[in-house]
Ligand SMILES: *Cc1c(COP(=O)(O)O)cnc(C)c1O
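Residue numbers (the numbering used here): 1 to 407.
See the structure below:
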C-alpha cells in the first residue's frame, strides 16, 4: 500500500496564527514626517503594485527612461547611471566596493553617523581609510580638508552632502570636490537625503560617484536606489584586476541589466516602476521649482518651530534644510516626544541615534503646506501635553508667514 512520504500531522513547526495587515495597520495612515521613509505620491504607489517581466521590452523602455531622468536629477551627462536593489546603504556600498579595494587610500570626511558608514565600508573592502573627524554640529573648513588631502594623498575622498543624523549641511561641497580633484582623487558623494531637494551638479562640481536612496528626497519607496559614476570612476571600475567581492553590487555585472538589457539578478520591477514615477514627477516639477519648494517649506518650518519656543540643533550657516533637527527640552527624551506625537496626533517624526534631538524631514512630499501645518500643530500640542511651555499660536502664525512669503 503506497503511503505518502509527507505526513501532514508530523510538521514539527506548527502553522502560526497571525493578524492580517488590516488588523495591524492604523485605520488612518500615519503622516510620515521623520527622516525617511517619506510619503509617496499616488502615481508612485500605483506603480509599486505592478509586476512586469524584468527582461521584457517594456522594462527596457522603463530602464532607459529612468536613466535619462536620473541624469537630469544628478545633473550629469555620464552614461554610467545604474539602479540598485537595496537601500541607500547598498548604493553607498556599490560605490565603495567598486572603486576601493585592498590598500586603496580613502579619506572619509566624517560629519556624523552616515558619513562614518562610508569609512566603515571602505575598511571592510580592505582599503586604507583615514577619517577626518568633524565635531558634532559642525563642518570641516576647506583648510582642514586641504591639509588632510596633502597628508593622506587619498585616491578616493568620501563625503556626505547632508548629514541626516545631526542635520549638518556640507555647504562647501563644490569647493571640497575641487580640492580633491586637484589632488587627483575621485570624489564619492552621499546624496541619499538631499538629492532633488537642493542643488547638486555632478558634472559641474567634478563629482565621480553620487549615491541616492528612494525613500528620501525622491519620495519613492525604500529598497530601490540609484548611483551614477563619472567616466573616470567607470574607468577605475573597469580597470580593476580583482573582482568585487560583492557579487550583487558588482557594477560590471549590473551593467548587463542597466545598459545591455541582459540579466544580472531579477530587478525589483515594481520598485523600479515606482522610482520611474518618482523621477517623472521630479522632471514634471523641474529641479528649479523643486529646490524652491523645499527651501521655502523648510525655512518656514524652522521659523514655526523657533516661534513655538524650541531650539534648532544645527547652526544656521550650515543647517541642513532637508531634515530639521530640534532640541528636545530638558526632562524629555526624544523617544517620549516621538511616541506621543505618533500616538496622539498620527504624525511620525524621528529621534537620532542617541543625540538629544527629534528630526522632522523636508524631503519630497513632506514639503507640502498641509503637512507642515499638521506637523507644527502636532509638535506644539505634544509639547503642551508633555508639560513644556510653548506658544502654539505663534508657531502656527510664523509657519503661515513663512509660507506666504512674510506677508
Ligand atoms: C538615510 C541615509 C542613508 C542610508 O540610507 P538607507 O536607505 O537607510 O540605507 C545614507 N546616507 C544618508 C545621508 C541618509 O540620509
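We put the beta carbon where it would ideally sit given N, CA and C, even for glycine. Quick caveat: nothing in here was measured; it's all calculated off a predicted structure.
Any non-hydrogen atom of ligand 1 within 7 Å of residue i CB
i, result
"residue 74", "no"
"residue 58", "no"
"residue 162", "yes"
"residue 84", "no"
"residue 353", "no"
"residue 213", "yes"
"residue 410", "Residue 410 lies beyond the stretch modelled for the chain, which goes from 1 to 407, so this question has no answer here."
"residue 122", "no"
"residue 333", "no"
"residue 409", "The structure shown has nothing for residue 409, since the chain only spans 1 to 407."
"residue 190", "yes"
"residue 350", "no"
"residue 216", "yes"
"residue 222", "yes"
"residue 373", "no"
"residue 89", "yes"
"residue 405", "no"
"residue 36", "yes"
"residue 257", "no"
"residue 291", "no"
"residue 114", "yes"
Buried or exposed (CB count within 10 angstroms, at least 16 for buried), residue i
i, result
"residue 263", "exposed"
"residue 208", "buried"
"residue 161", "buried"
"residue 343", "exposed"
"residue 142", "exposed"
"residue 190", "buried"
"residue 353", "exposed"
"residue 345", "buried"
"residue 276", "buried"
"residue 395", "buried"
"residue 319", "buried"
"residue 236", "buried"
"residue 475", "Outside the shown range of the chain (1 to 407) lies residue 475, about which nothing can therefore be said."
"residue 25", "exposed"
"residue 322", "buried"
"residue 95", "buried"
Contacting residues, own chain, Cβ-Cβ under 6 Å from residue i (five flanking each side not counted)
i, result
"residue 411", "Given that the chain is displayed from residue 1 to residue 407, the structure contains no residue 411 and the question cannot be resolved."
"residue 278", "44, 218, 219 and 220"
"residue 130", "107 and 152"
"residue 64", "none"
"residue 136", "166"
"residue 234", "80"
"residue 47", "273, 274 and 277"
"residue 303", "398 and 402"
"residue 157", "107, 180, 185 and 187"
Cβ neighbours of residue i in the same chain (closer than 7 Å, five flanking residues each side left out)
i, result
"residue 54", "266, 267 and 269"
"residue 61", "none"
"residue 117", "89 and 92"
"residue 384", "390 and 392"
"residue 240", "101"
"residue 244", "97, 98 and 250"
Residues of its chain near residue i, where Cβ-Cβ distance is below 8 Å and the 5 sequence neighbours each way are ignored
i, result
"residue 375", "31, 33, 301, 347, 349 and 360"
"residue 38", "32, 215, 216, 219, 361, 363, 364, 365 and 366"
"residue 172", "139 and 142"
"residue 299", "321 and 402"
"residue 182", "none"
"residue 386", "332, 336, 337 and 340"
Contact with chain B by residue i, beta-carbon distance below 8 Å
i, result
"residue 159", "Annotation note: the requested chain B is absent from the structure, which comprises a single protein chain."
Proximity test, residue i beta-carbon vs ligand 2 heavy atom, cut-off 7 Å
i, result
"residue 318", "Looking at this structure, you won't find ligand 2 anywhere; what it does contain is ligand 1."
Tell me, please, whether the region 308 to 316 touches the region 331 to 338 by the rule of three or more beta-carbon pairs shorter than 8 Å. no
Mind pulling the alpha helix (DSSP H) runs of 4 or more residues that sit fully within the region 255 to 294? The region 255 to 294 contains these whole alpha helix (DSSP H) runs: 269 to 285.
Within 8 Å, do at least three Cβ pairs link the region 74 to 81 to the region 196 to 205? yes
Touching by the beta-carbon criterion (3+ pairs, under 8 Å), the region 378 to 397 and the region 51 to 67: A contact between stretches requires three or more CB pairs, one per stretch, nearer than 8 Å, and the region 378 to 397 fails this requirement with the region 51 to 67.
Can you list, in chain order, the stretches of the alpha helix (DSSP H) that have 4 or more residues and sit fully within the region 210 to 249? Whole alpha helix (DSSP H) segments, 4+ residues: 231 to 239.
If we require 4 or more residues per run, which alpha helix (DSSP H) segments fall completely within the region 315 to 365? 334 to 345
Ignoring anything shorter than 3 residues or poking outside the region 162 to 210, list the beta strand (DSSP E) runs there in chain order. 186 to 190
Give, in chain order, every unbroken run of the alpha helix (DSSP H) that is at least 4 residues long and sits entirely within the region 9 to 47. 21 to 24 and 42 to 47
3 or more residues per run - each beta strand (DSSP E) lying fully within the region 66 to 116: The qualifying runs are 81 to 85 and 105 to 110.
Quick check: the region 78 to 87 against the region 231 to 251, are there 3 or more CB pairs under 8 Å? Flag = yes, the region 78 to 87 and the region 231 to 251 touch.
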